[in-house]
Amino acid sequence: MTLIVAVPTQKGLIMASDCQLTLARAKTRAKKINKLNDRCLWGGSGDVTLIQMLGMEIAKNKDIGTDRPLDDIRDELSNAFLASIKRIPPAPQPYHADLIFAEYSTSSRILYMLSNGATIMLEDVPFAIGIGDDFAFALLEKYQELIPTKIDNQHGAVLCYSIIAQTIDVIAGGVGYPIDVWEIPKARNFSYAELERLKDSCDLLRQAEIDMFLDAATKVETGEANDYKAG
362 MTLIVAVPTQ KGLIMASDCQ LTLARAKTRA KKINKLNDRC LWGGSGDVTL
412 IQMLGMEIAK NKDIGTDRPL DDIRDELSNA FLASIKRIPP APQPYHADLI
462 FAEYSTSSRI LYMLSNGATI MLEDVPFAIG IGDDFAFALL EKYQELIPTK
512 IDNQHGAVLC YSIIAQTIDV IAGGVGYPID VWEIPKARNF SYAELERLKD
562 SCDLLRQAEI DMFLDAATKV ETGEANDYKA G
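Here the numbering used here runs 361 ahead of the position in the sequence shown, where the first position is 1.
1) So what's Asn383 in DSSP terms, helix, strand or just coil?
2) Please determine, among Ser466, Leu507, Ser562, the residue with the shortest C-alpha to C-alpha distance to Asp432.
3) In its own chain, which residues sit with a C-beta less than 6 Å from the C-beta of Thr528, not counting the 5 before and 5 after it?
4) Within 10 angstroms of its Cβ, does Gly405 collect 16 or more other Cβ (buried), or is it exposed?
5) Starting from the C-beta of Ala489, find all residues in its chain whose C-beta is less than 8 Å away, skip the five residues before and the five after it, and write them out in chain order.
6) Whose C-beta lies closer than 6 Å to the C-beta of Ile512 among residues of the same chain, with five residues either side of it excluded?
7) Can you look up Met482 in the DSSP assignment and give me helix, strand or coil?
8) Using three-state DSSP, classify Lys421 as helix, strand or coil.
9) Straight-line CA distance for Pro487 to Val409?
10) By the 10 Å Cβ neighbour count, where 16 or more other Cβ atoms means buried, how is Ile425 classified, buried or exposed?
11) Any idea which residues DSSP pairs Pro369 with across the strands?
12) Does the beta-carbon of Glu464 have 16 or more other beta-carbons within 10 angstroms, so that it is buried, or is it exposed?
13) Just checking, does the stretch 503 to 517 make contact with the stretch 371 to 383 on the three C-beta pairs under 8 Å criterion?
14) Sorry if obvious, but does the Cβ on Leu559 come closer than 7 Å to a heavy atom of the ligand ZN?
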């Protein structure tokens, strides 16, 4: 299973995912975010075979990989996905995959594709797909007022990393470390050193939240909170 989170920022977009891949009973690691062009990334959650087939279809269609906006290639992407389904041998259960394509030009746009090839276009909003996506959306909710106008790419990277990490720790089954992070425009995969710094930032953020909670609880117990409101 997979969790992918995309967060728009002031002048770009951050996309992050877990890297755990489960094949039969074995667990391994795999990159789940792909570069479409310098300003567009994509990834999928669901049947690995179907997602890989889509990658092959995209690679075959040179027009899709050029620097064209998502609006222009929306139908081509949908057709490539449906062609991928036809190439896979029939199975007892229908193949399933949710896909996300994210781009940044003058604003952030996210194309969400369902298993039937239908697409939904979203602008300047955070999004998540995969296992634990409801939990990820709940975590994103408290940052809605900041996204995208009040955070830069570094803030967005910390936020994405933190959400993936918290989901892994809470949901556990199906998603796992390490965490992969990308940014656009000029599509770039964060280095190992950058990911380590993001981890440290997230650890500090968690500790700060704990300290704030303990401080607030102490003020309630001692009556300082009521004194503050009265003042």
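Even for Gly, the Cβ is constructed at its ideal location relative to N, Cα and C. Computed from a prediction, not measured in an experiment: that's the story for all the values here.
Quick look at the numbers:
1) Reading the sequence as shown, one finds Thr at residue 383 and not Asn. Of the three classes helix, strand and coil, the one that applies to Thr383 here is strand, per DSSP.
2) Ser466
3) Leu364, Gly493, Phe496, Ala497
4) buried
5) Leu364, Ile365, Val366, Ala367, Ala497, Phe498, Leu501, Ile524
6) Thr370
7) strand
8) helix
9) 24 Å
10) buried
11) Leu374
12) buried
13) yes
14) Questions concerning the ligand ZN fall outside what the structure shown contains, since it holds no ligand whatsoever.
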